[in-house]
Amino acid sequence: MQPILTAEQMRAADRAAMERYGLPSLVLMENAARSAAAIIRQRYPDAYHITILCGSGNNGGDGFALARHLMSECRPQLVVCGNRQRMSSETATNALVCQLLGIPMAEWGHDADAEQYLHHADVIVDALLGVGASGAPREPMASLIRMANESSAAKIALDLPSGLDADTGQAFDPCFRADCTITMGALKTGLFLADAPEVVGDIEVAQLGIPSTVVASQTMAWLIGDDDFHRVYRPRKKRSTKFDYGRVLVVAGSEAMPGAAALCANAAVAAGAGLVELFTPCVHSALFPEVMPHRYHRPTLDRDALPQIAERLLRASVVVLGPGLGAAPETTALIDELLREFVGSRAMVLDADALRAVDPTTPLPGVTLTPHRGEFARLLGLPSDQLAHSAWKQAIALSQRAGATIVLKDFPVQISDGRQTYWMTQYNPALASGGTGDVLSGIIAALWAQGYPQLDAAWMGVVLHSTAGAIAAARHGELSTRASHVIDALGVATGRILSNMQ
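One gets our numbering by counting positions in the sequence shown from 1 and adding 2 to each.
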């Protein structure tokens, strides 16, 4: 897992490295430049004219130092935009070294050569603002960014693209549009949120030499991927039975939406639950024969179904409540009753329509919530657009307040129990179709029922779902991938993840 920090947390890590371990900021800048130079040479081995745009802050200092590390193999050219009188001592030192080495340097807005450096560049490097800036870039920097964006050269941002908020991912106008962002020391929250995926390109991390324990102590979230499965995955014992892998009860569906219930229950089977039961008003014809269905003979579930559900719920390892239930008042009343009676005593995954009954001010121990951003906004009583840049903070706060685990199906997917937070950033537009959320809730419940801890079951389920989605998209195409295709790909996805571990 890779640490993800806010701008302030990264500054705190820098301070700790300097004050606790005696690492001078000039050394950190030198390490950043050396690491960034190696990444650029690897990515663009044939690039010769590399134009570096330098501001007057420490991001500009990284750019000046980078020019020196590149000069032995290519021709760096510097375009300076900023007040030289406000340069930090480290930035001023590296600027002076570049000048003494004779590296071509032009002032934006004052030297005619500056535009020529942009026009003839193979690669343009943005070292203008860095994580310390806020708001939209102002003139004359704004015009420099716009001209750089118009160039056909490859574009690299140091730390993060100028014009992108380091914490929220909001892209202001103008914002440097990078093909690759080389971020310093650790990943930043703003590289993944909101507008960031449209402007950051590929993400690489330049190592500064800060001890990993210092970075970890400041980390608010961790980036997860396939290779993290090995930390918690347990191969099945040779001598085992279905009773060793848990019983999932899915309470879902209605006459209007029977498919959601089938998708959730089928996914729980495909993700390895020992037994799967479905309590529903309407059994869909696509339901796996391995699922044990119990039909409620009314169009929707209501409070009269409570005794039948409670009987089965007491036998279950995990219950999934919500997919396709609908918003009828009698159904919401049933969900509310189930939550009052069983929260805290039974493991629950609440998805879709079950989220309507959740009171975010009450304790929810042993509950995993799986809202998308719209459902999350409704749960909190906020407009959805108000959460565009703060949903991750709200998710952590709700987890801490309610004692629940939250899987926020946003960009990135965020999983938090209030103590640990994980992000999954494998964007897959093929999963933007009806039913894929029902599949995810079934996968999470199956892993939880098999004995994985609540938080691990949640993030492992997200990774497995994403991997299966990628396999399904490769088979069927981005536009034609259906939720049922994702279920079909779960077996291959598990094999792929585990083979990557070996």
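Every residue gets a Cβ at the ideal spot worked out from N, C-alpha and C, and that includes glycine.
Values in this document were obtained by computation on a predicted structure and should not be read as measured data.
Between residue 135 and residue 175, the C-beta spacing is not below 8 Å.
Rounded to whole angstroms, the Cβ separation of residue 454 and residue 278 is 16 Å, and the two are not in contact under 8 Å. Spanning the alpha carbons of residue 275 and residue 351 requires a straight line of approximately 14 Å.
Between residue 128 and residue 159 the beta-carbon gap is near 4 Å, inside 8 Å, which marks them as a contact. Contact between the stretch 95-115 and the stretch 40-51 is absent: fewer than three C-beta pairs spanning the two stretches fall below 8 Å. Counting along the chain, residue 214 sits inside the alpha helix (DSSP H) bounded by residues 214-220. With fewer than 16 other beta carbons inside 10 angstroms of its own, residue 87 counts as exposed. The stretch 291-302 makes no contact with the stretch 466-477, as fewer than three CB pairs between them are under 8 Å. Contact between residue 375 and residue 393 holds, with the beta-carbon distance rounding to 6 Å and staying under 8 Å. With respect to residue 182, residue 165 sits apart: the two C-beta atoms are not nearer than 8 Å.
For residue 224, the enclosing beta strand (DSSP E) begins and ends at 223-225. The residue from 187, 121, 102 with its alpha-carbon nearest to that of residue 8 is 187. In this chain, the alpha helix (DSSP H) harbouring residue 21 covers 9-23.
For residue 395, the enclosing alpha helix (DSSP H) covers residues 393-404.
With respect to the 8 Å criterion, residue 320 and residue 250 are classified as neighbours on the basis of their beta carbons. For residue 426, there is no enclosing alpha helix (DSSP H); the enclosing beta strand (DSSP E) has its first and last residue at 423-426. Pairing residue 131 with residue 192 gives a Cβ-Cβ distance that is not under 8 Å. When DSSP states are grouped into helix, strand and coil, residue 168 belongs to the coil group. Residue 362 is not a Cβ neighbour of residue 405, given a cutoff of 8 Å. Comparing C-alpha distances from residue 68 to each of 75, 81, 84, 38 shows the shortest one belongs to 38. Counting every other CB atom within 10 Å of its CB across the protein chains shown gives residue 240 a total below 16, marking it as exposed. Cβ neighbours of residue 258 within its own chain (closer than 7 Å, five residues either side excluded): 328.
Ranked by how close their Cα comes to the Cα of residue 499, the residues 232, 154, 168 have 232 in first place. Straight across, the Cα-Cα distance linking residue 401 with residue 348 is about 18 Å. Excluding its 5 nearest sequence neighbours in each direction, residue 292 has C-beta neighbours in its own chain below 6 Å: 271, listed in chain order. Within the stretch 89-115, the complete alpha helix (DSSP H) runs of at least 4 residues fall at 91-103. Judged by their CB atoms, residue 398 and residue 423 are nearer to each other than the 8 Å cut-off.
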